[in-house]
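J.: Chains as they are written, first to last, in our numbering: chain A, 1419 to 1526; chain B, 1259 to 1370.
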């Protein structure tokens, strides 16, 4: 099946800093989503982005499908951004394949 | 409010016991999914259903069973055959396969 690799695995930022999270995948995709899992385990949809660029407030994402990667940008980070960020892709016609996530801690 | 409701939030299982996790959605989505998450890991697919009365095994279906008698409901049974059931279970739904998936808040299952 399709392989999904996320980097970095862990990230510590001071409040106000910017960061870029990367997702590499091994095959063409029909669906790519970025999620934020908060400390209570809730998985929040951030972006549905199989290609192109989207922005939502301090977050933006870019997927370059031809080069098989996606980037998630977090600007002016806040402590509430802490948690685990997952990239998930689908190319088989049934369900998402998840990466192992990037664990982000934003300190005051 | 539209959304996905999972219950209970916490569940404890005794040895040799079957337990059933509930997942209900009012988003009118055709596709529903069950994933398992172990500590420090991503999610892995247990079962999925694209339409009522039809479901397919995912990557780790052994020891689990599902039913899809109604569009809104996709319950997951963790059977006694699942030897390592302690995990966080997440249910999701989507309009169709390869459309965005939306997740419930999860059920944490532990062994007594």
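Positions of the beta carbon are idealized from the N, C-alpha and C atoms, including for glycine.
Relative to the alpha-carbon of residue 1335(B), which residue among 1329(B), 1262(B), 1276(B) and 1297(B) has its alpha-carbon at the smallest distance?
T.: Indexing the second chain from 1 puts residue 1335(B) at position 77. Of 1329(B), 1262(B), 1276(B) and 1297(B), the residue nearest in Cα terms is 1276(B).
J.: When the cut-off is 8 angstroms and only beta carbons count, does residue 1283(B) lie next to chain A?
T.: Residue numbering aside, residue 1283(B) sits at position 25 when the second chain is read from its first letter. Closer than 8 angstroms: no.
J.: Does the pairing of the stretch 1476 to 1483 of chain A with the stretch 1452 to 1465 of chain A give three or more beta-carbon distances under 8 angstroms?
T.: Verdict: yes, contact present.
J.: So what does DSSP say about residue 1263(B), is it helix, strand or coil?
T.: Walking along the second chain from the start, residue 1263(B) turns up at place 5. Here residue 1263(B) sits in strand by DSSP.
J.: Only counting the same chain, and skipping five residues up and downstream in sequence, which positions put a Cβ closer than 6 angstroms to that of residue 1493(A)?
T.: For the purposes of this step, residue 1493(A) is taken as the residue at position 75 of the first chain. Around residue 1493(A): 1436 and 1476.
J.: With a cut-off of 8 angstroms, does the C-beta of residue 1359(B) fall near any C-beta of chain A?
T.: Taking the second chain and counting its residues from 1, the one referred to as residue 1359(B) is at position 101. Chain A, which has a Cβ nearer than 8 angstroms to the Cβ of residue 1359(B), makes this yes.
J.: Can you tell me whether residue 1274(B) is buried or exposed, with buried defined as 16 or more other CB within 10 angstroms of its CB?
T.: Counting from one through the second chain, the residue named residue 1274(B) turns up at place 16. Exposed, by the Cβ-count rule.
J.: Report the partner residues of residue 1532(A) according to the DSSP bridge assignment.
T.: This structure cannot settle anything about residue 1532(A), because the visible part of chain A is limited to 1419 through 1526.
J.: Which same chain residues, not among the five before or five after residue 1538(A), have their C-beta less than 7 angstroms away from its C-beta?
T.: It is not possible to answer for residue 1538(A), since the shown part of chain A is limited to 1419 through 1526.
J.: Just how far apart, CA to CA, sit residue 1297(B) and residue 1522(A)?
T.: Sequence index remark: in the second chain, residue 1297(B) carries index 39 (1-based). Sequence index remark: in the first chain, residue 1522(A) carries index 104 (1-based). The alpha-carbon atoms of residue 1297(B) and residue 1522(A) are separated by roughly 15 angstroms.
J.: Taking residue 1282(B) as the reference, which of 1338(B), 1268(B), 1329(B) and 1345(B) has the closest Cα?
T.: Locating residue 1282(B) in the second chain gives position 24, counting from the first residue. The shortest C-alpha separation from residue 1282(B) is found at 1329(B).
J.: Please classify residue 1345(B): is it buried, with 16 or more other beta-carbons within 10 angstroms of its beta-carbon, or exposed?
T.: For this step, residue 1345(B) is matched to residue 87 along the second chain. It is buried - the Cβ of residue 1345(B) has at least 16 other Cβ atoms within 10 Å.
J.: Does the beta-carbon of residue 1499(A) have 16 or more other beta-carbons within 10 angstroms, so that it is buried, or is it exposed?
T.: Locating residue 1499(A) in the first chain gives position 81, counting from the first residue. Buried, since its Cβ has 16 or more Cβ neighbours within 10 Å.
J.: Are the C-beta of residue 1363(B) and some C-beta of chain A separated by less than 8 angstroms?
T.: To locate residue 1363(B), count along the second chain from 1; it is residue 105. True, the Cβ-Cβ gap to chain A drops below 8 angstroms.
J.: Listing by chain order, which chain A residues have their CB less than 9 angstroms from the CB of residue 1346(B)?
T.: On the second chain, residue 1346(B) is found 88 positions in, with the first residue counted as 1. Chain A residues near residue 1346(B): 1459.
J.: Less than 8 angstroms between CB atoms is the rule here; does residue 1306(B) satisfy it with respect to chain A?
T.: In the second chain, residue 1306(B) corresponds to position 48, counting from 1. At least one chain A Cβ lies under 8 angstroms of residue 1306(B).
J.: Mind pulling the chain B residues with CB within less than 7 angstroms of residue 1514(A)?
T.: In the first chain, the residue the question calls residue 1514(A) occupies position 96. Correct list: 1359.
J.: List, in chain order, every chain A residue whose beta-carbon is nearer than 9 angstroms to that of residue 1291(B).
T.: Within the second chain, residue 1291(B) is the residue found at index 33, counting from 1. Within chain A, the residues near residue 1291(B) are 1512, 1513 and 1514.
J.: According to DSSP, what are the bridge partners of residue 1314(B)?
T.: As a first step, residue 1314(B) must be located in the second chain, where it is residue number 56. In DSSP, residue 1314(B) forms a bridge with 1306(B).
J.: How about residue 1303(B): is its C-beta nearer than 8 angstroms to some C-beta of chain A?
T.: Working through the second chain from its first residue, we reach residue 1303(B) at position 45. Answer yes: the Cβ-Cβ gap between residue 1303(B) and chain A drops below 8 angstroms somewhere.
J.: Using DSSP with H/G/I as helix, E/B as strand and the rest coil, what is residue 1498(A)?
T.: Position 80 of the first chain, counted from the first residue, corresponds to residue 1498(A). If DSSP states are grouped into helix, strand and coil, residue 1498(A) belongs with the helices.
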